Each structure stands twice: as C-alpha cells, then as structure tokens.
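Here's the structure, in structure tokens; my notes come after.
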C-alpha cells in the first residue's frame, strides 16, 4: 500500500465526515447560531459595560427575564402553532392596568387580583383565538388590529384611573413577596417563572397537547387530515399566550407598582426579536422553551447594555429593528435551504479498497456460462418487487410485492396467486420458524411475523441505541434478510442505518460500514444489535453446524461467518473475499452447501472510485443522481459454495434475457427458484442430481408428519 | 372582487359586490350626517373632507397596488414622514427645495428598493419585513433630525399651490390624488406590467413557473408604493406647511389598510383595483369627518375604526374562507 493511500485511509478513519450530516439532522442545530451570538454578546458587553456581572444587575436582569420571558413563552406557543400574536404589548398594558387598579385602588386580595388579571388574559386571548382559530383570519393582520383595539381601550381607561393608582398602595403581603421577595436568593417572580417554563417545556416536548401544537404548526393540512381539531388547537394557543402575557403584567405590577401611559408599546417587536433570534421559526412547527429563553436573554442583555451605555432610545429601537430583520432573514433562508445543505453534506463517502476479484475466466468455478438461459418462468409481468421466495409444507410459494403484500402461489404450476397478507412497506427476506410462522423483514418498518392463518404481527422495529451515534439509530431503516437460529431466536440484517431503501445507491456510494446484524428473541421480546459497522449486510443464513450464521456484505463483496454458539462464540471469520459481484441472499442447498445470489457485478470504474472518496463526494454534490457511478445491477448470477468458502459452481445468464439481476434463490424439491427485486418474474431451474424431496423447513426443523 | 367567480352567472341581475355595498353605506352615512350634523354639509367641511381624504387616498392607492400583488407595505407612513423630513432637512443647507425634494424621492426609492429586495429576493414575509423596516427607518429619522416637526421653507410657490391652489374649483391636493389614482388605474388595467402584477398576486408560484419575472415585479411594486407615499407626504407638507414625524406613531397606516380592505381588495392578492380604493377612501373619509364633528376623542375614533377594520377582515375571511386543504402552514 502506498504512502498516499495510507494517508487517505487514515484521514477517513480518523475524521468521520458523516457525523457532520448527522449533526445537521439534529433539532438543536437550529439553536447553535443564536447560542453563539448570545455568548459573543455577553463577552462584548461584559467587558465594556461597567457592573455587568454585579449581583444587583443580575437580580434586576432575572426579574426582567421573568416578565419578558413569560411573554416570549406565550409568543412561542402561538408561533409553534403557526401563528403570531402582535397584540401582546396591549394585552400586557391592560393586564397591568387591571392589576394596579385592583390591588392599589380597590385593595383586592392576592387571589382576586391574580384571577382578575388572568381572566382579562383569557378574554383577550379568546378574542384573538376566535378570530384566528375559528374564523381562520390571518394571524398577523388580525392581531395587529386587536393590538390597536386593546391599546385604544387602555388609552381611554388609563387617564381616568392613573391618579388613584399612584396615590394608593396595595395591601397584600403575598403580592409584595412576589414583587420584592426572594426564594433561595433569587427573586420570587424568577423562581415562579422557572417553574412555569419547566411545565411548558414538558407540555411542548412530552405531552399530547404540545405534539398537536407542533403538528398543526408544522403541517396544518396533515394535522387536519389526521383528525386533530386544528381550530380549537389554534384557539387554545392564543388563549394560553394571552394568559401568560397577563401573568407577566401581574409580575410587572408587583415589581414596579405603577405604570406610564406608553407601557407595553413596542413590546411585540422585542418579543418577536427574542423568539426569532432564539430560532423559533415564523412558519410554525419549530421551537422550544430553551430557544425562547436564549432569545429573551439576548434581547434583554442587548437592550439593558445599550441603556447602561446611555445609547438614546431611538437608536436602541433601530438596533432592535435591524437585529429582528437580520434574524428573520437568517431564519427564512435557513428553513428554506436546510434540506439542500443537508443533502449536499449528508452523503460522505469513505475510503474502501476492493480486493482482487475471483476470476470468472473459462475453466474456473466462477466461469461465465449460460445455464440460466432456459429457466422456466413464474408470474411474468405480474410480479413486482419480489425480493425473496420461500415455500411452506404444502409446497405453496410465498413472495413479496412492492405494494406491501405477501403473495401466495398454489402448486404445482404456480400460476394462481392470492394476497396472503398485507403488511405495507417493502417485504424483503423471509424465513419459516419451527411453528410454520412466516418471519419477514420489511424495509422501513422492521421485522414482522405472519401466522399460517395470515395474521400479521410486528415482532420488532427497534434495537438498542448505540452509544457513540449522533442520531438515534434505534429504529430500523432497512431490515433486509432474516433467518432463525435453532433456539428460535431470529437473526436479521439491517443493511444501512443512514438511508432509506430507495436511497440504496447512496449507501453504495459511501461504502462505509453503516449496517448491522440484529437478533430478536421472540420469547423475551428483546432485540439487540449483535454486530455493527458492516458494509451493507444483506443475506443471512444459519449454517448447518448449528453454531454460526453466514452473512453477506454487499458493497464489500464478501461472505463472513459469525459464531453465536460453540467454542468460537462471538467471533467473526471471513469465508469468501473478493467476490466478482455484490452478494445478496444466502440460502441452504440440499447437499450441505449454500446458494448465494449476486445481485450485480463489480465494474473497474466503481472499484477504482472507491479508493477516491473525494472524487465520489464531488460526484454526489455536483452531478445529478441518475448520472452517478452505481453498482451494475444488470447482470447477476447464482453460485454455490461450501462450508470452507470454496465455490463449487456458478449459474449465469450472459444475455440478461431471463434474469438480469438476482437478489435471492431458494432450492425446493429439486428445483431452484430465482428472484430479482427489479425483475418482473421469477425463474425456475431444475437441478440435476439434487435431492428431489429436499425442503428447507425440514432442513431447519426436521420432518413433520 | 370577492366571489366574482361564483356570481358570474348572475351578472345580468344586481350584483352585490363589496364595492357596491361600501358605496351604498357611504351614501347612507352621507345622508344621515347631512341631516343630523349642523356643519357637515357646509362647503368648508366638504373641502376639509376632500383634503383629508386626499392624503389617505393617495397612500391607499400605493397600498392597494402592493396588496394586489399579494404583498403589504407597512413602511408607507414611516417612508412618507422620513422622506419628506429628509428633504426639508437638507434644504436647510441652502440647497434649492425642489432639488431637495428630488433627493428625498431618491432616498425613498432606495428604501422601497431595499424593502422590495428583502421581500422578493430574501423572501422575508412582506408583513414582517415592512414592519421591521418601518421601525428602522423611523428610528434613523429620529436620530438624524433634531426635532419631531420640520417646517418647509415658507416661500416655495409650487408647494403653496399644492396646499392652497385649486384647478376648476377642486383643491390641488384632490387633483393630485385623482391623478395618482387615474395613473395607477390605467397602469394596472392597461399595461402589460399591470396585468403581471395581478398574475403574481393571484398565484405567485404559478406566475414564476410560467416564467414571469416575479422578483423584479415585486421589487418595483415596493419602489412605486414608496414613491406614492412620498407624494402623499408632499401633499401633506403643502397643506400644513410642515411634517410631523410623530405621525408614524399614529394609526394612519391602519387607516390606509382599512381603506384597502374595506374597499374590497382581498389580502390574498390578485383582486380589486383603484375603484375599490376610491370607494373605501370615501367611506373612511366620511366616517372620520362625522366622528370628528360628533366630538369623538382621538382614541375612541381609533377604537371604532379598528373595530370596523376587524369586522371587514372577518367578513373577508367568511366570504373567502381559508381551506384547510389548500392553506399553507407558513401563511401568517
């Protein structure tokens, strides 16, 4: 191996590029820029504003955080639901008015004051919610108008009560405690705020209501079609928002004790800047409490520091307006282009050096021939997506279809078929267990079982999450082939955890060990990953020795053996390396050997490109998908190998007329049945000298009467 | 016009469009006010209505133009006060006032261009972009200009003519409003560009797919609306010999919106025209004047007008309901 090649190999081993793409799929990635901005802001103002980190400053800041934070949380709820509430400033002013009048002038008790204030919030929110939720008016304009209405109401009432408010004081110790008291050293209002924020966080991220909000905001039409009461959800979001705003007004009144006539004006701009800056999208469906808090802190620190630096008010507003515009701009561009960025960095090819291919020259066991030229045909033009085939004890033939059905063909001619069961997804590898239940791998869905009566049951769709993965890899993306161990456990391969089935060629381009082998125990219901970092593990077959399974890694062109029992338990051995094509399913043959399907053949160009990851990455980014170098799936073959990995014979269709691609084959009573997932048929080949009574379930479970 | 598709088959009968309703209500209000209010029908009051209405109407023509293209321009008042104040401000440097006005127009066009670029190319939702830009423009103005109220130089002949002159007995301000409205009407109905504005407003994606230059169209709309706002500002300066930048804090922009929505230009774009703006202007003008004569306070006038606007929006929402199957999630 040359020096340059080792360098490339180590570079791709040490710097896992695929992590970048996986990090981009995480939800918290939206918050990275705001968080960085917040840290930089603290660093700048912390160094130039005198007394930035003083206790009094921080106490003051926490009190303000409680008040602004509540409004921002309210706005977050509305924005997550896909709306916006501009009337928060006026609602705030009205809430302060009611609280001050009640507590100062009427000498209400704490409870009455709080109830009256929150009641006002409910009324204001219900008006907004009714108009936007039930009448389905545009949120922005509607709340802009209610902003004026609420503000006008305030302007009419306030002058009449402003003097008594100033000349009298509240008579409630609880109210004073809320305004001036501390709990464990932090202002009471801040402590209450932290509790409320936690509750809202739990509701938004864990509770059914929060999920509905996100559903309505993220995809209104789908939420409607899924039966969510969209109108009521929107209505409730506005009510909640206004209640939180009113509570904020209550806190403010308790702390300040008086109000100016311009109270709450421009609050909506401040709040919007906070939410959008925090990374809560305008379109809805994206946002969290943590983001809201980050935005709140940013806005407060910015405006307080500008105030401390004696920057005039208009400049302050100008800066806030520009920050808002800039963050909206970034948000819009980010939401629009995130998928494109993700798409361009997600595919991250790695270095893979293919071993020398086994010779297919004349005379060798792999020599090209035409033995598949005259195979018989089943289901011509009818089969679509038959990846695997299997037989039951009544000689009935089972195969899958792209529509998600399990089809059953009747012997002896296999011309009549019926839908045995419908699962959905794309049924791939199949196996019969001891009790004649059909076990099936379904791409995108997991491992399923169909009883002889046709009842479908999900066996497993989740395995343990691996500790080092960035994304949650516990769900199964592409369960591919399964087999059953003598003790009844089901072992199956998951070809890749990074791509969906229809993106299989992207995984081929990466050629990284993205796949794994998983074992499921039907008795305990547990599922566990046995082996990971396999290169597109595909076919899997329990060996005749009862201690090991053979599995194929497609893009690595090799067959390996994993010992699940016996003296070598846990070990993996190579059985065949350097296959000339991409191995797919492995199944038992009648004479104690194994059949192996090669779905396609290696090509020198693709082999060479596997040593050039940079080239493949450029190709993935710059060339449209249909022009990529892909594994050649136009020529397949079937071969037979023994326990030692010696290839005994191979069967080809050179012209590609009957079987251009082969994904699986099954020997049954002296006949070999051939499948290809992209073929429109199934092939039959009578085997000379094979046991005419051999049947695979017998081989696994012994003969049954 | 809302629901015009449905009412096509009733074209021969009496067609109740929003425009007709608005005109009918205006006439009714006019009659009621004339009968009940003492000074309403006096010549001075009619002229006052027309003068007040001319500024509102001019602004509404610009707003209507943007709304037809499925946009909204909340910067108009900010642009108007800051643009005119800028012209007056630089004219104090012994620059010819006419030249100063031209400079102001250039500044205003630049602001409109920036807004248009933010909306069309940066794809910031128009309502958001214009709200933030309005706040920024006004903030910059307050930083630059020393005082809130700026007075125009007293001896500018053409400005006096705009304020006090008249053509055939019609005040000049109304003539300018009429000219702007007529030009806009012709532009929208008779030019290719005008038709493209309707197409863009009706279905922006379809327009873009068809190959229309939707982005340049949108940018142009905001530039034109900014220039129209500037024209309104000049009328105002002529009428009251100065400009009060605090006008930005009033509810004028919502009055403009009220005119447009009341007149029957659907906010979903692609509908309505200058006739709707005129109908809306007349109604709002009569209403405002009547309330002023009735001695309603400024805040209660605001309250009443915004309740009316809200009702108009609600009726618009009921007549043109949003379909759960076609409404977009991000459509706020």
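Residue numbers (the working numbering), protein chains in the order written: chain A, 1 to 705; chain B, 1001 to 1332.
All residues carry an ideal CB built from backbone N, CA and C; glycine is no exception.
Since the structure is predicted, the reported quantities are computational estimates derived from the model, not experimental observations.
Check: Should residue 36 of chain A be listed as close to the ligand FAD, given that the test is whether its C-beta is under 6 angstroms from any heavy atom?
Finding: Here there are no bound small molecules, and the ligand FAD is not part of this structure.
Margin query: Between which residues of its own chain and residue 195 of chain A is the CB-CB distance below 8 angstroms, once the five residues before and five after are set aside?
Written below: The count along the first chain starts at 1 and reaches residue 195 of chain A at position 195. Excluding residues within five positions, none has a Cβ falling inside 8 angstroms.
Notebook entry, point to check: Got a sec: is the Cβ-Cβ distance from residue 1019 of chain B to anything in chain A below 7 angstroms?
Noted result: Locating residue 1019 of chain B in the second chain gives position 19, counting from the first residue. Residue 1019 of chain B does not count as touching chain A.
Checklist line | C-beta contact flag for residue 606 of chain A and residue 301 of chain A at 7 angstroms | finding: As a first step, residue 606 of chain A is located in the first chain; it is residue number 606 there, counting from the start. As a first step, residue 301 of chain A is located in the first chain; it is residue number 301 there, counting from the start. Cβ atoms of residue 606 of chain A and residue 301 of chain A: not closer than 7 angstroms.
Notebook entry, point to check: For the segment 1247-1264 of chain B, which residues have a beta carbon sitting closer than 7 angstroms to at least one beta carbon of chain A?
Noted result: 1251 and 1254
Checklist line | Cβ distance (whole Å) where residue 124 of chain A is taken to contact residue 242 of chain A below 8 angstroms | finding: Here residue 124 of chain A refers to the residue found at position 124 when the first chain is read from its first residue. Here residue 242 of chain A refers to the residue found at position 242 when the first chain is read from its first residue. That pair is a contact at about 5 angstroms.
Item checked: Range covered by the alpha helix (DSSP H) that runs through residue 64 of chain A -> The sequence position of residue 64 of chain A within the first chain is 64, counting from 1. Per DSSP, residue 64 of chain A belongs to the alpha helix (DSSP H) from 55-80.
Note to self: So residue 1175 of chain B and residue 1167 of chain B are supposed to be a Cβ contact under 8 angstroms. How far apart are they, rounded?
What the structure shows: Your numbering for residue 1175 of chain B matches position 175 in the second chain. Your numbering for residue 1167 of chain B matches position 167 in the second chain. Correct: roughly 5 angstroms between the Cβ atoms.
Check: Candidates B:1247, B:1277 and B:1314: which alpha carbon is nearest residue 1019 of chain B's?
Finding: As a working note, residue 1019 of chain B is residue 19 in the second chain. Checking every option, the nearest Cα to that of residue 1019 of chain B belongs to B:1277.
Margin query: Between which residues of its own chain and residue 745 of chain A is the CB-CB distance below 7 angstroms, once the five residues before and five after are set aside?
Written below: The structure shown has nothing for residue 745 of chain A, since chain A only spans 1 to 705.
Margin query: Beta-carbon within less than 7 angstroms of residue 168 of chain A's beta-carbon, same chain only, minus the 5 sequence neighbours each way: which residues are those?
Written below: The sequence position of residue 168 of chain A within the first chain is 168, counting from 1. 104 and 105, listed in sequence order.
Checklist line | Nearest residue (CA-CA) to residue 1131 of chain B, options B:1178, B:1076 and B:1183 | finding: Numbered from its first residue, the second chain carries residue 1131 of chain B at position 131. That would be B:1076, whose Cα lies nearest to the Cα of residue 1131 of chain B.
Next item on the list: Would you list the one or two residues that DSSP bridges to residue 241 of chain A?
Entry: For the purposes of this step, residue 241 of chain A is taken as residue 241 along the first chain, with counting starting at 1. Answer by DSSP bridge pairing: none, since residue 241 of chain A is not bridged.
Next item on the list: Quick one: give me the first and last residue of the beta strand (DSSP E) that residue 482 of chain A is part of.
Entry: Here residue 482 of chain A refers to the residue found at position 482 of the first chain. First-last of the beta strand (DSSP E) with residue 482 of chain A: 479-484.
Note to self: Out of A:528, A:51 and A:588, which one is the CA nearest neighbour of residue 671 of chain A?
What the structure shows: Your numbering for residue 671 of chain A matches position 671 in the first chain. Nearest option by C-alpha distance: A:588.
Item checked: CB contact flag (residue 570 of chain A, residue 535 of chain A, <7 angstroms) -> Mapped onto the first chain, residue 570 of chain A falls at position 570. Mapped onto the first chain, residue 535 of chain A falls at position 535. Taking 7 angstroms as the Cβ cut-off, residue 570 of chain A and residue 535 of chain A do not qualify as a contacting pair.
Notebook entry, point to check: Where in the segment 1113-1194 of chain B do unbroken runs of the beta strand (DSSP E), each at least 3 residues long, occur, reported from the N-terminal end onward?
Noted result: 1149-1151
Item checked: Cross-chain neighbours of residue 1124 of chain B in chain A, by beta carbon under 8 angstroms -> The sequence position of residue 1124 of chain B within the second chain is 124, counting from 1. Here the neighbours are 325, 328, 329 and 332.
Item checked: Under 7 angstroms between C-beta atoms of residue 1074 of chain B and residue 1122 of chain B -> Translated into positions along the second chain, residue 1074 of chain B becomes position 74. Translated into positions along the second chain, residue 1122 of chain B becomes position 122. Contact: no.
Check: Between the segment 19-35 of chain A and the segment 367-382 of chain A, do three or more beta carbon pairs fall short of 8 angstroms?
Finding: no
Next item on the list: Give the interface partners of residue 336 of chain A over in chain B, defined as CB-CB distance under 9 angstroms, in chain order.
Entry: Counting from one through the first chain, the residue named residue 336 of chain A turns up at place 336. Here the neighbours are 1123.
Notebook entry, point to check: Using a C-beta cutoff of 7 angstroms, does residue 130 of chain A count as contacting chain B?
Noted result: Translated into the one-based positions of the first chain, residue 130 of chain A becomes position 130. No, its Cβ sits nowhere closer than 7 angstroms to a Cβ of chain B.
Margin query: For residue 72 of chain A, which residues in the same chain have their Cβ closer than 7 angstroms to its Cβ, ignoring the five residues on either side in sequence?
Written below: Position 72 of the first chain, counted from the first residue, corresponds to residue 72 of chain A. Closer than 7 angstroms at Cβ, skipping near neighbours: 271, 274, 275, 292, 295 and 296.
Item checked: Segments of 3+ residues assigned as beta strand (DSSP E) that fall wholly inside the segment 483-534 of chain A -> 490-494, 515-521 and 526-534
Note to self: What are the residues in the segment 184-197 of chain A lying within 7 angstroms of chain B by C-beta distance?
What the structure shows: none
Notebook entry, point to check: Between residue 1086 of chain B and residue 1230 of chain B, what straight-line distance do the alpha-carbon atoms span, to the nearest angstrom?
Noted result: As a position in the second chain, residue 1086 of chain B is number 86, starting the count at 1. As a position in the second chain, residue 1230 of chain B is number 230, starting the count at 1. One C-alpha to the other measures close to 11 angstroms.
Check: Where residue 1217 of chain B and residue 1150 of chain B are concerned, what is the direct C-alpha to C-alpha distance, given to the nearest angstrom?
Finding: As a position in the second chain, residue 1217 of chain B is number 217, starting the count at 1. As a position in the second chain, residue 1150 of chain B is number 150, starting the count at 1. Near 34 angstroms, if we compare the C-alpha coordinates of residue 1150 of chain B and residue 1217 of chain B.
Next item on the list: Assess, as a yes-or-no matter, whether the segment 345-354 of chain A is touched by the segment 616-623 of chain A under the definition of 3 or more beta carbon pairs within less than 8 angstroms.
Entry: yes
Next item on the list: Find out if the Cβ-Cβ distance for the pair residue 636 of chain A, residue 661 of chain A is shorter than 7 angstroms.
Entry: Residue 636 of chain A sits at position 636 when you count from the first residue of the first chain. Residue 661 of chain A sits at position 661 when you count from the first residue of the first chain. In this structure, residue 661 of chain A lies closer than 7 angstroms to residue 636 of chain A by Cβ.
Next item on the list: Kindly list the residues whose CB is nearer than 6 angstroms to the CB of residue 563 of chain A, restricted to its own chain and excluding five residues on each side of it in sequence; keep chain order.
Entry: Numbered from its first residue, the first chain carries residue 563 of chain A at position 563. 547, 548, 569 and 571, listed in sequence order.
Notebook entry, point to check: Taking the alpha-carbon positions, what's the residue 559 of chain A to residue 423 of chain A distance?
Noted result: By 1-based counting over the first chain, the position of residue 559 of chain A is 559. By 1-based counting over the first chain, the position of residue 423 of chain A is 423. If you take the alpha carbons of residue 559 of chain A and residue 423 of chain A, they lie about 30 angstroms apart.
Note to self: By DSSP's criteria, residue 673 of chain A is part of a beta bridge. Which residues make up the other side?
What the structure shows: Numbered from 1 along the first chain, position 673 holds the residue referred to as residue 673 of chain A. Answer by DSSP bridge pairing, in chain order: A:666 and A:684.
Margin query: So for residue 12 of chain A, helix, strand or coil by DSSP?
Written below: Along the first chain, one-based indexing puts residue 12 of chain A at 12. Reduced to three states, the DSSP call for residue 12 of chain A is helix.
Check: At least one CB of chain B closer than 7 angstroms to the CB of residue 317 of chain A: is that the case?
Finding: Your numbering for residue 317 of chain A matches position 317 in the first chain. So, interface residue.
Next item on the list: Please list the partners that residue 997 of chain B has in chain A, where partner means a Cβ-to-Cβ separation under 9 angstroms.
Entry: Because chain B here runs from 1001 to 1332, residue 997 of chain B falls outside it and cannot be looked at.
Notebook entry, point to check: From residue 21 of chain A to residue 501 of chain A, what does the alpha carbon distance come to, in whole angstroms?
Noted result: Translated into positions along the first chain, residue 21 of chain A becomes position 21. Translated into positions along the first chain, residue 501 of chain A becomes position 501. Taking the straight line joining both Cα atoms gives about 18 angstroms.
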